[in-house]
Amino acid sequence: MKLTAAKISEKAKIPAKMVAKYALDAGIGFLLANISTAQSFAPFGIAYASNTTLFGLLGTISGYAMMGHDFWRYLIAVVVAYVARIVMQNVIDVSPQIGAFFYTVWGSIVGGAGGIFIYSYTFRENLLFMLSGAISGLFAYVFTVARLSTYKKISVPEKINYICFFVTMSVLIVGIMALGEIFTSVGVVLSIFMLLCVSGSCGFLYASGGAMFVSFALCLYNTSYLWLSGVIILGTVFASVLKELGKNSQVIGFLLSNVLVGIYYGGSYNMWSMLANIVIAGILYTFLPKKTLNRITSLYLPKSKKKDYILVKKQQMKPQGRSKQKLEEVGSPVCNKCPKKMLCWIKNYDRTVHSFNMIPKEIMAPTVNNPSEILNFCDNAEKIVSEYRKDVINSEKSFILDYSKTGICKIGEKVCGDTGNVFTTSDNRCVITICDGMGSGHDAAKESQEISFLIENMLKKGFDKNDALLFVNQTLLMNGKGSIAGLDMLFIDLLNGSGRIIKANAAPTYVYRHGNIYEIGKASVPLGALDSPDCFEQNCIFLKDDIIIMVSDGFECDKQVLKECCKNMKDCLGAANAIAEKSNKPNDDVTVIVAKIA
Numbered sequence: 015m016k017l018t019a020a021k022i023s024e025k026a027k028i029p030a031k032m033v034a035k036y037a038l039d040a041g042i043g044f045l046l047a048n049i050s051t052a053q054s055f056a057p058f059g060i061a062y063a064s065n066t067t068l069f070g071l072l073g074t075i076s077g078y079a080m081m082g083h084d085f086w087r088y089l090i091a092v093v094v095a096y097v098a099r100i101v102m103q104n105v106i107d108v109s110p111q112i113g114a115f116f117y118t119v120w121g122s123i124v125g126g127a128g129g130i131f132i133y134s135y136t137f138r139e140n141l142l143f144m145l146s147g148a149i150s151g152l153f154a155y156v157f158t159v160a161r162l163s164t165y166k167k168i169s170v171p172e173k174i175n176y177i178c179f180f181v182t183m184s185v186l187i188v189g190i191m192a193l194g195e196i197f198t199s200v201g202v203v204l205s206i207f208m209l210l211c212v213s214g215s216c217g218f219l220y221a222s223g224g225a226m227f228v229s230f231a232l233c234l235y236n237t238s239y240l241w242l243s244g245v246i247i248l249g250t251v252f253a254s255v256l257k258e259l260g261k262n263s264q265v266i267g268f269l270l271s272n273v274l275v276g277i278y279y280g281g282s283y284n285m286w287s288m289l290a291n292i293v294i295a296g297i298l299y300t301f302l303p304k305k306t307l308n309r310i311t312s313l314y315l316p317k318s319k320k321k322d323y324i325l326v327k328k329q330q331m332k333p334q335g336r337s338k339q340k341l342e343e344v345g346s347p348v349c350n351k352c353p354k355k356m357l358c359w360i361k362n363y364d365r366t367v368h369s370f371n372m373i374p375k376e377i378m379a380p381t382v383n384n385p386s387e388i389l390n391f392c393d394n395a396e397k398i399v400s401e402y403r404k405d406v407i408n409s410e411k412s413f414i415l416d417y418s419k420t421g422i423c424k425i426g427e428k429v430c431g432d433t434g435n436v437f438t439t440s441d442n443r444c445v446i447t448i449c450d451g452m453g454s455g456h457d458a459a460k461e462s463q464e465i466s467f468l469i470e471n472m473l474k475k476g477f478d479k480n481d482a483l484l485f486v487n488q489t490l491l492m493n494g495k496g497s498i499a500g501l502d503m504l505f506i507d508l509l510n511g512s513g514r515i516i517k518a519n520a521a522p523t524y525v526y527r528h529g530n531i532y533e534i535g536k537a538s539v540p541l542g543a544l545d546s547p548d549c550f551e552q553n554c555i556f557l558k559d560d561i562i563i564m565v566s567d568g569f570e571c572d573k574q575v576l577k578e579c580c581k582n583m584k585d586c587l588g589a590a591n592a593i594a595e596k597s598n599k600p601n602d603d604v605t606v607i608v609a610k611i612a
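First residue of the sequence shown? That's 15 in the working numbering, and the numbers climb one at a time after it.
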């Protein structure tokens, strides 16, 4: 196979990304090796050599050479740490970060032992060099986690990744500042820019923690930077508090901290130079594209399905469908006037949107109960839910009620003791009632008919339902025969679909909607048992195509059977007869009324 000169040249090309990566490795190694604390202690280069490439090793050696102090021991240590990783990484079965710790310790031990052959070091100095390997090993662990997480080669808990990233960045910033006065300003700008990003994307504790790491590294390198630590920590606190007002407010937080710290120190440092650094960092933070800032954020907060709560404004939840439009309609007039608006829509955005999304689902049941979640934090919950309810109700100007009723006598009786009735009140509401007289047969039928007739006449003449119930209750008490009666009433406003159910010792009402059966009702006292009525009452919302099933207390049937009857229903009469025949309790009268909203 023949290769042309062009093909050879193409094969010889090194990808630009690879060149940039190796150059970055060498630069980081140079910066880390150039940092010394306590005048002679420089552990960071050894730590980096245990997890870097050959180019990173060369950069580290160059940094120690430039530092000009204790070069030979550090040269031995970094070479041993690097070679140990190359040789042992496929031999011992440990994670890269744990391996880096041991490689660094071994390098420090061998470097200290090598110092014995260099006459200028005492035994004590060599021993301390060996013992310092433990500290170097800890930094090796941190650097390895930060490096491999950046390249997506390992996955660690987000808090660990966050700490390792900030420790690494803090040390790198110190390394930049160690290059000279001009680079000191670069390091300060980078520190402020990084903390602006953190305070804008993380909670207060995370941002403050990052500021503490940076400040500690600065003071460890140079104790005269105590004022700078004050500006950084105080500025981060202000930026975290003011971030809800926008990016410019975060920058103002750092400017304010510079003024306060300057006043405290009596102007003993160059406040104008610090002001310029803050402005430059603020310009970068304000005008860099959002995509770039998100990439920077992803370095210390990688995406995780389990712990998205670290990001205060991640805003994973989104308004869905009609809910989005209702958010705009309801949010403007209601939420804008609420003093808790910022708390709901900024700090607790996800919870608020989730609650709004859940409202339509929770109010789809016929019973009118405010969704529990929004009630826990919203003072205007009832008003908001009311707006949603208007949207849930069909846009039809009015409804039509199609109904049918049927009854089955108790075995051995010729007359059903229950009375079912449907009529319209004076305020144009449709009323469905089932009255169950005491006992069965003619006497029960007569009593239930009288009560049903009495209620119908009172409501048609404009009496309030409570007055009608009280009158019937008093009438039963005055009979003096211990008469009691069960009553089931349903009021429906056919203009808007709103309804109210009232039950006095009545069976549950069933509503078939969208393939589901909803049961409404609970135990209550019959009329005539107490001095005043003690009824169960429930507001409801009815929709188009709802099927309402009202039954007397002689009815017993599984809800699945009701569902099948409604599913196969052709007309109300057929459904009422089918449901009545399914009753499991033939020893009592059974009355069934089926009504469909159309």
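We put the beta carbon where it would ideally sit given N, CA and C, even for glycine.
Exercise. In three-state DSSP terms, what is Thr-237?
Worked result: helix
For this session: Going by DSSP, name the residue or residues bridged to Ala-518.
Result: Leu-501
For this session: Indicate the three-state DSSP secondary structure (helix, strand or coil) for Met-564 in the structure shown.
Result: strand
Problem set entry | Reference Ile-562; option with closest CA among Leu-468, Glu-464, Cys-549, Val-445 | Val-445
Problem set entry | Same chain only: Cβ atoms within 6 Å of Ala-221, ignoring 5 sequence neighbours per side | Val-212, Ser-213, Thr-250, Ser-254
Exercise. What residues in its chain sit with their C-beta under 6 Å from that of Leu-193, if we drop five residues either side in the sequence?
Worked result: none
Problem set entry | the stretch 29 to 42 touching the stretch 128 to 138, judged by at least three CB pairs closer than 8 Å | Between the stretch 29 to 42 and the stretch 128 to 138 there are fewer than three C-beta pairs closer than 8 Å, too few to call the two in contact.
For this session: May I ask which residues mark the beginning and end of the beta strand (DSSP E) holding Phe-197?
Result: First-last for Phe-197: 195 to 215, but that is the alpha helix (DSSP H), not the beta strand (DSSP E).
Problem set entry | Cβ-Cβ separation, Val-188 to Asn-175 (assumed contact under 8 Å), whole Å | In fact, because the Cβ distance is near 21 Å, the residues do not count as touching under 8 Å.
Exercise. Which same chain residues, not among the five before or five after Val-348, have their C-beta less than 7 Å away from its C-beta?
Worked result: Asn-394, Lys-397, Ile-398
For this session: Consider the Cβ of Val-93: report whether some Cβ of chain D lies at a distance smaller than 8 Å.
Result: Here there is only one protein chain, and chain D is not present.
Problem set entry | Identity of the residue in Ser-538, Gly-513, Ile-100 nearest Ala-521 by Cα | Ser-538
Exercise. Grouping DSSP H, G and I as helix and E and B as strand, with all else coil, what is Lys-397?
Worked result: helix
For this session: Report the partner residues of Val-525 according to the DSSP bridge assignment.
Result: The partner list for Val-525 (beta bridge, DSSP) reads Tyr-532, Ile-562.
For this session: Taking only the alpha-carbon atoms, compute the straight-line gap between Trp-86 and Asn-284 and give it to the nearest angstrom.
Result: So the alpha carbons of these two residues sit roughly 39 Å apart.
For this session: Return the CA-CA distance between Lys-573 and Thr-523, expressed in angstroms with no decimal places.
Result: 11 Å
For this session: Specify the secondary structure class of Glu-551 as computed by DSSP and reduced to three states.
Result: In this structure, Glu-551 counts as strand in the three-state DSSP scheme.
Problem set entry | Nearest residue (CA-CA) to Lys-577, options Val-608, Phe-556, Asp-602 | Val-608
For this session: State buried or exposed for Gly-147, treating a residue as buried only when at least 16 other CB atoms are found within 10 Å of its CB.
Result: buried
Exercise. What's the call for Ile-100, buried or exposed, on a 16-neighbour Cβ count within 10 Å?
Worked result: exposed
For this session: Consult DSSP for Ala-592 and reduce its assignment to one of helix, strand or coil.
Result: helix
Exercise. If you run the structure through DSSP and keep just helix, strand and coil, what is Ala-20?
Worked result: The predicted position of Ala-20 is uncertain, since its pLDDT is 45 and thus under 50; a value taken from the coordinates is nonetheless stated next. Looking at Ala-20 - three-state DSSP - the assignment turns out to be helix.
Exercise. Taking the DSSP output, what are the residues bridged to Gly-43?
Worked result: Gly-43 pairs with nothing; no bridge assigned.
Problem set entry | Minimum C-alpha distance to Lys-31 - residue among Pro-380, Met-226, Tyr-165 | Shortest Cα-Cα distance from Lys-31 to any of Pro-380, Met-226, Tyr-165 involves Tyr-165.
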